[in-house]
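Put into structure tokens, the structure is as follows:
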């Protein structure tokens, strides 16, 4: 399972968005450039085919050289653990096949706008000597603005050397196969042009020109059957547009467009006034081609000689008779002229009514069963086409006739062939895969497909809130967008957790509780006179608050009581002067016991001849005491013990 896997340390695979016979396509996130990409991964059953891998790499590298606004850009390619991948531009939209199914047949102008973009992309590839080889609506993307992106360049070419047993399972494109490919020949640029013609036919008619019960029967039709007229299914197609199809799908590549640029030029001018009613494209046979001359037999030579001899014998006789006939000739000529004039008048006035088929008005058979509709048409003297075509209809139920071609009330000649159209019911659309998208993205995608009834059921889930985790019906189911309901199951995130009171929890216990519940610990510290060191002082959010897994919880742990700083105390000391003899100098010694001094050391020593005042500074630690004493001539005259000052 590749969902959730990170490839090359960069591409996080999110979900499957498509696939084919050769590879699967995933939506992935480029975590370096912070953008969504599409990543195509070669199927594992080809991962051991060295020749296939070599060609896959070579062709992918060739495709990465293409730079065109209508070609999906290739960003990266590589291999990791036998996973061969190509990283490309992600286009949010649908395949052209899905678009045709939902909207076909298209108006000719819209169809040509789409084709102009496709052909421009193919022309660019051909200029770079790259043949697509697998052009089909499934390999063409269209976004919500109508912009076209052609994909799978170079990858299909890697199939050219695989065995024929892979054809149905990998190629899957027999409906767009050129006659030369059906014969087993190599695909060329003109094979791409043939496929482009088939795509244009499908855009205009909503159907493929050749279909059958097997790939072989379809391939034979590409070889033998002429491309049917697109006007049969879409009468609004002008001849200039149909001619593009006919020329692109000519059986002989020699009669197709010489280049994709030539086809693009025809598309751009198809609606010019002087082209709308141009003659139908046909392939002219060369009148000067060598023809077989029949063999002349001996008896035919003898007969011709006899006739010559008879001519000589009778020539003289005829000469004698001519003079007699010359006088009758004017009357004979006049009689002949009168006969021709009379015949002409009869041909114009009388004979048509006797021999030409009469006019018949086509009856309305809508809503009838086939047998009844066919019987009514035959009763009017009309021929019923053996092929009954199918068309969706919003009103007429499945299996009943919708319309005829020519349409009802049209006047035609008796014996004309009429084609019946049978209802397939209301138009159905294949619902896309919206799981993994946000609910807003999913609703928009379904709305773009025409779905009108979308309901949402919210559930707790590990997926991010607002993410679609399931859909019913599942992707790929065909539904009637205007009627059928689509149910989306949307995550509202994991179930809430009610926070415990973490007070008295140790750091280890608090961390374990939060981790077990999928919560993230944000750790802080603070001094506390009441809470022992290492235990919880407070928490945020508070106890009893409902939080979701993945949320952050801020927890403050105790550092114990805060240490108080040492304080400096200043004491003023008065030193008396009491000499034995007036004028004697007295020796003063001051000793201090504090954080910086010992009582055994002298703090200060000096002499006095009069009473003196001194300021003593003591540095006292919390819980400790300071002490000083003053001696004059080795006699203690003053001392004091000082407590650590209390906070004011």
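Numbering (the working numbering), first residue to last: 1 to 648.
Even glycine gets a Cβ: it sits at the ideal position worked out from N, Cα and C.
Fair warning: this is a prediction, and the values are worked out from it, not measured in the lab.
Does DSSP classify residue 306 as helix, strand or coil? Annotation note: pLDDT 45 at residue 306 (below 50); position unreliable, coordinate value reported separately. The answer is helix: DSSP assigns residue 306 an H, G or I state.
- Beta-carbon gap between residue 559 and residue 533 smaller than 8 Å: Yes. Within cutoff.
| said: Here's the rule: buried if 16 or more other CB atoms are within 10 angstroms of the residue's CB, otherwise exposed. What is residue 3? | reply: When all chains shown are included, residue 3 counts as exposed.
For residue 530, which three-state DSSP category applies? In the three-state reduction of the DSSP assignment, residue 530 falls in the coil class.
Length of the line joining the Cα atoms of residue 196 and residue 149: Spanning the two alpha carbons is a distance of roughly 14 Å.
Query raised in the report: Would residue 205 pass as a contact of residue 234 if the rule is Cβ separation under 8 Å?
Result: Result yes, Cβ atoms of residue 205 and residue 234 sit closer than 8 Å.
Do residue 575 and residue 611 have their beta-carbon atoms positioned less than 8 Å apart in this structure?
Cβ atoms of residue 611 and residue 575: closer than 8 Å.
According to the neighbour-count rule (16 or more other Cβ atoms, all chains shown, within 10 Å of its Cβ), is residue 145 buried or exposed? Around the Cβ of residue 145, a 10 Å sphere holds fewer than 16 other Cβ atoms; the residue is exposed.
- Query: Taking the C-alpha atoms as reference points, what is the distance between residue 543 and residue 492?
  - Reply: Between residue 543 and residue 492, the C-alpha separation is close to 23 Å.
Query raised in the report: Cα separation between residue 91 and residue 441?
Result: Whole-angstrom Cα-Cα distance: 14 Å.
Which whole-angstrom value is the C-beta distance of residue 238 and residue 276, which I expect to be below 8 Å? A Cβ-Cβ distance of about 5 Å is found for the pair residue 238 and residue 276, placing them in contact under the 8 Å criterion.
Where does residue 53 sit, in a helix, a strand or coil, going by DSSP? Looking at residue 53 - three-state DSSP - the assignment turns out to be helix.
Can you look up residue 78 in the DSSP assignment and give me helix, strand or coil? Under the three-state reduction of DSSP output, residue 78 falls in the strand class.
What does DSSP give as the partner residue(s) for residue 15 in the beta ladder? In the DSSP output, where bridge partners are listed per residue, residue 15 has 27.
My output table needs one value for residue 475: the three-state DSSP class, helix, strand or coil.
Secondary structure of residue 475 (DSSP, three-state): coil.
What are the start and end residues of the alpha helix (DSSP H) that includes residue 113?
Element bounds for residue 113: 108-127.
Exercise for the section: Quick one: give me the first and last residue of the alpha helix (DSSP H) that residue 439 is part of. Expected result: Boundaries of the alpha helix (DSSP H) around residue 439: 439-448.
- Check whether the segment 72-88 touches the segment 405-412, counting contact only when three or more Cβ pairs, one atom from each stretch, lie closer than 8 Å. Cβ pair count under 8 Å is below three, so no.
Next item on the list: Express the C-alpha separation of residue 246 and residue 5 in angstroms, rounding to a whole number.
Entry: For residue 5 and residue 246, the gap between their C-alpha atoms comes out near 48 Å.
Enclosing alpha helix (DSSP H) for residue 624 [first to last residue]
Premise fails: residue 624 is in no alpha helix (DSSP H) and is neither H nor E.
For residue 465, which residues in the same chain have their Cβ closer than 8 Å to its Cβ, ignoring the five residues on either side in sequence? 491, 492, 493, listed in sequence order.
**Request:** Within 10 angstroms of the Cβ of residue 482, are there 16 or more other Cβ atoms? Answer buried if so, exposed if not.
**Result:** By the 10 Å Cβ count, residue 482 comes out exposed.
Count Cβ pairs between the segment 467-478 and the segment 431-447 that sit closer than 8 Å; are there 3 or more?
Below 8 Å, enough C-beta pairs join the segment 467-478 and the segment 431-447 to call them touching: three or more.
DSSP beta-bridge partners for residue 42? According to DSSP, residue 42 bridges with 23.
Whose C-beta lies closer than 7 Å to the C-beta of residue 313 among residues of the same chain, with five residues either side of it excluded? Below a pLDDT of 50, predicted positions are generally treated as unreliable, and residue 313, at 42, falls in that range; the measurement from the model is reported next regardless. Counting only Cβ-Cβ distances below 7 Å, and skipping sequence neighbours, we find nothing.
Can you name, in chain order, every residue of its own chain whose Cβ lies under 8 Å from the Cβ of residue 119, other than the five neighbours on each side? Hits under 8 Å: 196, 260, 263, 264, 267.
Which value, in whole angstroms, describes the spacing of the CA atoms of residue 169 and residue 391? Reliability of the predicted coordinates at residue 169 is poor, the pLDDT of 33 falling under 50, and the value obtained from them is presented with this limitation in mind. Counting only the Cα atoms, residue 391 lies some 29 Å from residue 169.
Worksheet entry | Entirely enclosed beta strand (DSSP E) segments - the segment 523-575, minimum 3 residues | Taking 3 residues as the minimum length, the beta strand (DSSP E) runs contained wholly in the segment 523-575 are 536-540, 552-558, 567-575, in order along the chain.
* As assigned by DSSP and simplified to three states, the class of residue 287 -> Because residue 287 carries a pLDDT of 39, less than 50, the predicted location of this residue cannot be relied on, and no value is offered for it.
- Cβ separation of residue 153 and residue 125, assumed to be a contact under 8 Å, to the nearest whole Å: At roughly 6 Å, the Cβ-Cβ gap stays under 8 Å, so residue 153 and residue 125 are in contact.
Spatial neighbours of residue 19 in its chain, beta-carbon cut-off 8 Å, leaving aside the 5 residues before and after
Closer than 8 Å at Cβ, skipping near neighbours: 25.
- Taking the C-alpha atoms as reference points, what is the distance between residue 418 and residue 383? When the Cα atoms are used, residue 418 and residue 383 turn out to be separated by approximately 6 Å.
Notebook entry, point to check: Using DSSP with H/G/I as helix, E/B as strand and the rest coil, what is residue 272?
Noted result: In this structure, residue 272 counts as coil in the three-state DSSP scheme.
Using the C-alpha atoms, what's the distance from residue 96 back to residue 44? Whole-angstrom Cα-Cα distance: 27 Å.
### Query
Between residue 27 and residue 10, is the Cβ-Cβ spacing less than 8 Å?
Taking 8 Å as the Cβ cut-off, residue 27 and residue 10 do not qualify as a contacting pair.
Taking the Cβ atom as the reference point for each residue, do residue 37 and residue 115 lie within a distance shorter than 8 Å? Against a cut-off of 8 Å, the Cβ pair of residue 115 and residue 37 comes out as no contact.
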